[in-house]
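Residue numbers (my numbering): 159 to 447. Notes to accompany the following structure.
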Ligand SMILES: C[S@@+](CC[C@H](N)C(=O)[O-])C[C@H]1O[C@@H](n2cnc3c(N)ncnc32)[C@H](O)[C@@H]1O
């Protein structure tokens, strides 16, 4: 029965076209060349152009979302700043969108570059090509001077995250809640040390960006993916999770929304749409609205 059905199944038009092309070309070499260069390449190009993730896009999406939806002032936090490649792009985004008076961008880094680690979860266990000690060492003062010439809404915190995420700093973040936490410190242990201090001040809906969840093919035993997995298995509480945001993440697994189901909402919306009067009136019966 199954065989009978497949015998009558219509061949898709794309396959018919491929068969015609194949028929018209005289050799397997030409068929392969035409397929790889005129069919496979443009298909991959279109696929990646439309759906691939670019890590600067969501800075603008997140700033626009929070500035238009919620009242008050906010913070953007970057863990792992190095030369400031991303940091200055974030600052420019606040300026471009005209929200620099409402968003302060905080950068946290030892500015000493990558440190020694003996933790297996920090290691590249596929290629063994690990970060070198001192890699990404840059001058905090150099970056500060560059930023100070152009922007006023930033702070750079030099030191290990354990130290710079002090009680004082966390109190400041409670006043100006984070909307975007950018984790780009490469080690599982570093990402964990930042997240475990931040968790009490993260509001529900806060965007958490991980720069390298693909480390070791995204294994849940190493790197940022390990931390994401641990958090979602209750490391900091049964009701705390990171929910993948597919609209911002596109084809990646980099962007999450923080949820602590035991915590009340912190961001204050400009308006709430629900009321006893609000409901959707009946329209026509077609699928069109
Ligand atoms: C890949 S670099 C950051 C790149 C940067 N985000 C950019 O856009 O160019 C990683 C940085 O994380 C910093 N880092 C790693 N672990 C840290 C920790 N526990 N405390 C402070 N800084 C840390 C290193 O000093 C290094 O500069």
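Yeah, the Cβ is synthetic: ideal placement off N, Cα and C, and Gly gets one too.
Separation of residue 192 and residue 201 (C-alpha to C-alpha, rounded to the nearest whole angstrom) is 13 Å. Counting only unbroken stretches of 3 or more residues, the beta strand (DSSP E) elements lying wholly within the stretch 214 to 249 are 232 to 237, in sequence order. Pairing residue 358 with residue 424 gives a Cβ-Cβ distance that is not under 8 Å. Pairing residue 420 with residue 395 gives a Cβ-Cβ distance under 8 Å. Going by beta carbons, residue 422 and residue 413 fall outside the 8 Å limit. With contacts defined by Cβ atoms closer than 8 Å, residue 371 and residue 389 do not form a contacting pair. Under the criterion of beta carbons closer than 8 Å, residue 267 and residue 291 do not qualify as touching, at roughly 15 Å.
The stretch 330 to 347 makes contact with the stretch 273 to 282; the number of CB pairs closer than 8 Å reaches 3 or more.
The stretch 327 to 342 and the stretch 369 to 384 touch, with three or more beta-carbon pairs separated by less than 8 Å. DSSP, reduced to helix, strand and coil, places residue 179 within a helical segment of the structure shown.
With respect to residue 304, residue 253 sits apart: the two C-beta atoms are not nearer than 8 Å. Using a Cβ-Cβ distance cut-off of 8 Å, the stretch 315 to 322 and the stretch 209 to 219 are not in contact, since fewer than three pairs of beta carbons, one from each stretch, lie closer than that value.
Residue 242 counts as buried, since no fewer than 16 other beta carbons sit within 10 angstroms of its beta carbon. Checking the DSSP bridge columns, you'll see residue 414 partnered with 366, 402.
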